[in-house]
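The numbering of the sequence shown is the working numbering, which starts it at 1 and goes up by one.
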Amino acid sequence: MIFKCRNCGNTSADIDMVLDGACPCGCTSFQLVEQEPIGMTSGLPTKEMIRQDLHNWIDVNLDALTPDQVYNIRVRFETEE
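This is the structure in structure tokens:
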């Protein structure tokens with residue numbers, strides 16, 4: 001997911017920045033923008049795209065977590081039938 005500041009237009013994939021309202025310009029309003037993730041090709045199977053999205057999310061957010069939070073990471077997959 002890519003978030004765009006509604007004031008200055010800066011973009012980031014860091015959800016913590018959005019939750020904290022911490023854009024460098026001081027704005028606390030963001031919008032979700034569609035953007036094809038870096039390094040992705042449109043010909044990839046859906047499973048591979050999901051796998052890469054999860055890896056990218058971990059890479060972006062892992063440094064912001066405390067050791068206790070890292071130890072307690074859970075991923076829950078749900079499907080609709």
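Positions of the beta carbon are idealized from the N, C-alpha and C atoms, including for glycine.
- Residue 31 has 4 as its beta-bridge partners, per DSSP.
- Within its own chain, the residues whose Cβ lies closer than 6 Å to the Cβ of residue 7, once the five positions on either side in sequence are excluded, are 25 and 27, listed in chain order.
- DSSP lists 4 as the bridge partner or partners of residue 11.
- Remark: C-beta atoms of residue 1 and residue 44 do not approach each other more closely than 8 Å.
- Taking all protein chains in view, the Cβ of residue 30 is crowded by 16 or more other Cβ atoms within 10 Å, so the residue is classified as buried.
- Assignment of residue 50 by DSSP, reduced to helix, strand and coil, places it in the helix class.
- Contact between the region 10-26 and the region 70-80 is absent, with fewer than three C-beta pairs closer than 8 Å.
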